[in-house]
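Asks: Residue 1 is where the sequence shown starts when you use the numbering used here, and the numbers rise one by one after that.
We put the beta carbon where it would ideally sit given N, CA and C, even for glycine.
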Amino acid sequence: MNARGRRIVLGVTGSIAAYKAVELLRLLTAAGCDVRVIQTPASREFVGGMTFQALSGNPVFSEMFTGAEESGSPFSHIDLADADLMVVAPATAGTIGKMAAGLADNLLLSTFLAVDCQVVICPAMNHRMLKNPAVQENLATLARRGLEIIYPEAGRLACGEAGAGRLADVNTIFARVQELLGGGYGHDYQDMRVLVTAGGTREPIDAVRHISNRSSGRMGYALAEAALGRGARVTVIAANCGLPRHPDITYIDVETAGQMKEAVHSQVASHDILFMAAAVSDFSVSLPGIEGKIKRSSGYDLKLVPTADILKDIGGSDIFKVGFAAQFGAGDLQQSGLKLEEKGLAMLVVNDISRTDIGFESESNEVTIIRPDRSEVFVGKTSKQGCAQVILDCAREIL
């Protein structure tokens, strides 16, 4: 079974991200889906209905009786509810709140109450609105009722502020739709226990300062959510990550390389696969023990000492280990490949951190995957979600 011929209701609400729903619609129709678009009146202030109609080939519904002549029925919300999947993208805080409360004051909400298919919600809003306890409670309520929540990404928002709240990448939404319709990646990780490390560790200098790196944790989180979507039970060891968390993933918070080592060692025996995506500090600060803050006037010479190599230290474990190597510049992939044997890895993922458009602090990545036979799989610049799927594909081939 695949997505072709499947009937999808695409709900579009009044967010500046409404224009991204046009691209999502294009992907869905290209896959052969029969898409019916419902726009809230506010969304039409951002994107006109004619755009969606031209791409879908179907009338666009907005008001309760809009399209009655085309459909031949005055009960649009009941007719539209006959669907294989409903996707609301973008979903504003207001719409999410009304869905959680069971309100039905527009066609989109009335249709939502009438459907008996899987519903996917893709929130998009200001980062402070997303953090509001009321919004978080509403999302949790919808998740408990069985709705699929595709959480927003972090980055620069339309208001000029930065934070989590930006609509998830449309390719991520589309991939999940395919999976839900049975035409995606399937559940090839069903019941596998996957451990992922993410983010960047911090090594304290004094009570207020530390040395660290620019890792955001996005690659690790993308791997975790992709593995979850493919049936795995997932645990993330998160080092200083400020990203939204999936309710079906277990998270363990750490700060330093030492804490990361302890957390990994405590989890290895209960997991089948380890994706070591975190950027763990290579050095910690050797100090006689400073309490408080070093004063600028006094100056200070820092002595750095190497931290433990976590992957090497778990060499005797049966866990399937996937390492990540940050390479500055083009470099020598064969040299990086030596780490496969040195650390007992099943696979190594290498990326170039000298580029500002991929890797650290970016939503995109470009990697080379080195397999046990030293063959290479190059993944050109793509979203970290897309990159995660290829990494999972390669790992599954070896397992």
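Give the single residue among 150, 262 and 199 whose Cα lies nearest to the Cα of residue 228.
Replies: 150
Asks: Output the boundary residues of the alpha helix (DSSP H) element that contains residue 110.
Replies: 107–114
Asks: Within the region 132–209, note down every full beta strand (DSSP E) run reaching 3 residues or more, in order along the chain.
Replies: 153–156, 162–166 and 193–199
Asks: Whole angstroms is fine: what's the gap from residue 275's alpha carbon to residue 139's?
Replies: For residue 275 and residue 139, the distance between alpha carbons rounds to 28 Å.
Asks: Provide the residue(s) that pair with residue 10 in DSSP beta bridges, ordered along the chain.
Replies: 37 and 87
Asks: Measure the beta-carbon distance from residue 406 to residue 147 and round it to whole angstroms, keeping in mind my assumption that it falls under 8 Å.
Replies: Outside the shown range of the chain, which is 1 to 399, sits residue 406, and nothing can be said about it.
Asks: Going straight from the alpha carbon of residue 348 to that of residue 156, what length do you get?
Replies: 31 Å
Asks: Alpha carbon to alpha carbon, how far is residue 219 from residue 64?
Replies: 42 Å
Asks: According to DSSP, is residue 71 part of a helix, a strand, or is it coil?
Replies: Note that residue 71 scores a pLDDT of 47, beneath 50, so its modelled location is shaky; the value from the coordinates is reported in the next line. Reduced to three states, the DSSP call for residue 71 is helix.
Asks: Helix, strand or coil for residue 51, going by three-state DSSP, please let me know.
Replies: Helix at residue 51.
Asks: Alpha carbon to alpha carbon, how far is residue 128 from residue 206? Give it in angstroms, no decimals.
Replies: 31 Å
Asks: For residue 176, is the classification buried or exposed, using 16 other Cβ atoms within 10 angstroms of its Cβ as the cut-off for buried?
Replies: buried
Asks: Going by the beta-carbon positions, is the gap between residue 12 and residue 52 smaller than 9 Å?
Replies: In contact: residue 12 and residue 52 (Cβ atoms closer than 9 Å).
Asks: Specify the secondary structure class of residue 396 as computed by DSSP and reduced to three states.
Replies: Note: residue 396 maps to helix in three-state DSSP.
Asks: Does the region 337–355 touch the region 313–323, meaning 3 or more C-beta pairs lie closer than 8 Å?
Replies: yes
Asks: Taking DSSP's pairing of strands, which residues face residue 280 in a bridge?
Replies: DSSP, once it has assigned bridges, lists no residue as partnering residue 280.
Asks: Please classify residue 136: is it buried, with 16 or more other beta-carbons within 10 angstroms of its beta-carbon, or exposed?
Replies: exposed
Asks: Looking at chain B, is there any beta carbon in it that lies within less than 9 Å of the beta carbon of residue 121?
Replies: In the structure shown, chain B cannot be found, because there is only a single protein chain.
Asks: Where does residue 376 fall in DSSP's three states?
Replies: strand
Asks: How should residue 60 be labelled, buried or exposed, when 16 other C-beta atoms within 10 angstroms of its C-beta is the threshold for buried?
Replies: Buried: at least 16 other Cβ atoms inside 10 Å.
Asks: Cα separation between residue 32 and residue 281?
Replies: Their Cα atoms are separated by approximately 47 Å.
Asks: Could you spell out the range, first to last residue, of the beta strand (DSSP E) harbouring residue 16?
Replies: Membership of residue 16 in any beta strand (DSSP E) is not indicated, and neither H nor E is assigned to it by DSSP.
Asks: Using beta-carbon positions only, say whether residue 340 and residue 264 come within less than 9 Å of one another.
Replies: no
Asks: Is the number of C-beta pairs between the region 228–241 and the region 249–264 that are closer than 8 Å three or more?
Replies: yes
Asks: Measure from the alpha carbon of residue 159 to the alpha carbon of each residue in 379, 17, 48 and 39, then state which is nearest.
Replies: When only C-alpha atoms are compared, the closest one is 17.
Asks: Compute the Euclidean distance between the alpha carbons of residue 278 and residue 123, then round it to the nearest angstrom.
Replies: 27 Å
Asks: Roughly how many angstroms separate the alpha carbons of residue 54 and residue 182, rounded to a whole number?
Replies: Approximately 27 Å between the Cα atoms of the pair.
Asks: Pick out whichever of 46, 45, 166 and 56 has its Cα sitting closest to the Cα of residue 26.
Replies: 56
Asks: Nearest-angstrom Cα distance between residue 311 and residue 197?
Replies: 12 Å
Asks: On the criterion of 16 or more Cβ atoms from any shown chain inside 10 Å, does residue 380 qualify as buried, or is it exposed?
Replies: exposed
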